[in-house]
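All residue numbers for the sequence shown refer to this note's numbering, where the first residue is 442 and numbers rise by one.
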Amino acid sequence: MADPSLGADARSRLIRADIRLGIGLVGWVFGAFVSAVFAVVLAGILGYDLFTPTGVGSDIGRVAGQFHQDLPFENPAIPIQWTFAFNVPQWIALIGVPMFLASLAGATIAGAFGFRVRLADLNSLLLGVVMQVVVLYLLYLVYFEVFGEADVGEPARRLAATANGWGVVAFVVMVVVVAPIAEELFFRGLVFGALRELVPDWVAVGVSAAIFAAVHFQLVQFIGLFVLGVVLAVQTQRSDRLGPAIMTHAGFNAVTALSLVLL
């Protein structure tokens, strides 16, 4: 006898798609708000700067300013370990809301949202690498030709600049492991899944990808994240589970993480 907590039966017992979508987006906003407040309060208590620029020029300017003002030579940038901590409320929301909705239906996130991973899904890591190295490279060549040059990697570089020792481990885990799992469960499992019940699949793919790109709040990166979101949604649609999308997302992020840490 089939387990009623898995598959189509579990999805059929979820609350209405529009209500699920609304609860999900409210949960995301709440998680983002708590993370932001947490970051501002702790940064103030610990004496860190939330908006420290990166680069050699920035470091020279900071040291020169500290010298002329007779201040101690210190870097106010937030260490990566604290950035990891600041994101915890957001990740709790991304994972917790789908778990809550699944529990209301007496189901698991595996059944209700396709949170299942197979060994064969590791093949999708390569797709993520190709997306980052080839597809986005060509995409931004066209973008820069039309709109002019822009620093696409500055936010990630600012984050990686604070990583050393265990901070490097925290950075890689955050970007390559935690973010793909949490974001795929929420954006493809919950958001895309709900949209598919409300609009045609092709519309659901585009809208979910746009939401995914927009909530990263990086205007220059929007087009690249949108294309990634489309690929991840199509993978989820075809496989009816999140494993392939999680691995593609992890491979995509791994290129950025490792290049920033190693180069």
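Just so you know, even glycine gets a beta-carbon here, dropped at the ideal spot from N, CA and C.
In this text the structure is predicted, and so the values were computed from the model without any measurement.
If we ignore side chains and look at the alpha-carbon of each, how far apart do Ala548 and Gly488 end up? Residue numbering aside, residue 548 sits at position 107 when the sequence shown is read from its first letter. Residue numbering aside, residue 488 sits at position 47 when the sequence shown is read from its first letter. Spanning the two alpha carbons is a distance of roughly 45 Å.
Just to confirm before moving on: does the CB-CB distance between Pro685 and Ser565 stay below 8 Å? Here the question's residue 685 lines up with position 244 in the sequence shown. Here the question's residue 565 lines up with position 124 in the sequence shown. Yes, the pair counts as a contact, with Cβ atoms nearer than the cut-off.
Where does Thr549 sit, in a helix, a strand or coil, going by DSSP? As a first step, residue 549 is located in the sequence shown; it is residue number 108 there, counting from the start. Correct three-state label for Thr549: coil.
So Arg461 is in the alpha helix (DSSP H); what residue range does that whole segment cover? Residue mapping note: residue 461 aligns to position 20 of the sequence shown, counting from 1. Its alpha helix (DSSP H) spans residues 458-487.
State buried or exposed for Gly485, treating a residue as buried only when at least 16 other CB atoms are found within 10 Å of its CB. The sequence position of residue 485 within the sequence shown is 44, counting from 1. So Gly485 counts as exposed.
Among Val613, Leu636, Glu625, Glu638, nearest to Ala698 - alpha-carbon criterion: Walking along the sequence shown from the start, residue 698 turns up at place 257. With distances taken between Cα atoms, Ala698 lies closest to Val613.
Between the CA atoms of Thr677 and Ala458 - distance to the nearest angstrom: Here residue 458 corresponds to residue number 17 of the sequence shown, with the count starting at 1. Here residue 677 corresponds to residue number 236 of the sequence shown, with the count starting at 1. The straight-line gap from Cα to Cα measures roughly 17 Å.
Any C-beta of chain C sitting closer than 8 Å to the C-beta of Ala655? Absent here is chain C; the protein component of the structure consists of one chain.
Leaving out the 5 sequence neighbours to the left and right, which residues in its chain are closer than 7 Å to Ile622 when beta-carbon positions are compared? The count along the sequence shown starts at 1 and reaches residue 622 at position 181. Closer than 7 Å at Cβ, skipping near neighbours: Ile687.
Can you check which of these residues, Ile652, Val609, Arg637, is closest to Phe628 by C-alpha distance? Sequence index remark: in the sequence shown, residue 628 carries index 187 (1-based). Considering only alpha carbons, the answer is Ile652.
Which residue wins for smallest C-alpha separation from Ala620, given the options Val478, Ile456, Gly692? Here residue 620 refers to the residue found at position 179 when the sequence shown is read from its first residue. Nearest option by C-alpha distance: Gly692.
What residue range is occupied by the uninterrupted alpha helix (DSSP H) comprising Ala645? Taking the sequence shown and counting its residues from 1, the one referred to as residue 645 is at position 204. Residues 642-655.
In whole angstroms, what is the alpha-carbon distance linking Ser544 and Val538? Position 103 of the sequence shown, counted from the start, is the residue given in the question as residue 544. Position 97 of the sequence shown, counted from the start, is the residue given in the question as residue 538. Roughly 10 Å separates the two Cα atoms.
Out of Leu636, Leu673, Glu638, Trp643, state which residue places its alpha-carbon closest to the alpha-carbon of Ala654. In the sequence shown, counting from the first residue as 1, residue 654 sits at position 213. When only C-alpha atoms are compared, the closest one is Leu673.
Whole-angstrom Cβ separation of Val668 and Val576, contact assumed at under 8 Å? As a working mapping, residue 668 is identified with position 227 in the sequence shown. As a working mapping, residue 576 is identified with position 135 in the sequence shown. Rounded, the Cβ-Cβ distance is 7 Å, consistent with contact.
What is the DSSP secondary structure of Val618, reduced to helix, strand or coil? What you label residue 618 is simply residue 177 of the sequence shown in a count that begins at 1. Here Val618 sits in helix by DSSP.
If the criterion is Cβ atoms closer than 8 Å, does the pair Leu466 and Phe554 meet it? Numbered from 1 along the sequence shown, position 25 holds the residue referred to as residue 466. Numbered from 1 along the sequence shown, position 113 holds the residue referred to as residue 554. No, the pair does not count as a contact, with Cβ atoms beyond the cut-off.
By the DSSP assignment, the alpha helix (DSSP H) with Ala635 in it spans what residues? To locate residue 635, count along the sequence shown from 1; it is residue 194. 634-639 is the span of the alpha helix (DSSP H), which, as asked, contains Ala635.
Is the beta carbon of Gly472 closer than 8 Å to that of Leu533? As a working mapping, residue 533 is identified with position 92 in the sequence shown. As a working mapping, residue 472 is identified with position 31 in the sequence shown. Contrary to the premise, residue 533 reads as Ile rather than Leu in this sequence. Result yes, Cβ atoms of Ile533 and Gly472 sit closer than 8 Å.
Ala635 and Gly552 - do their beta-carbons sit closer together than 8 Å? One-based indexing of the sequence shown puts residue 552 at position 111. One-based indexing of the sequence shown puts residue 635 at position 194. Contact flag unset, no.
Residue closest to Arg557, alpha-carbon to alpha-carbon, out of Leu579, Tyr581, Glu625, Gln531: Walking along the sequence shown from the start, residue 557 turns up at place 116. Arg557 has its Cα closest to that of Glu625, out of Leu579, Tyr581, Glu625, Gln531.
By Cβ distance, which residues of its chain are closer than 8 Å to His690, with the 5 residues on each side in sequence left out? Along the sequence shown, read from residue 1 onward, the residue named residue 690 stands at position 249. Taken in chain order, the residues that qualify are Gly569, Ala620, Pro621, Glu624, Glu625, Leu669, Leu673.
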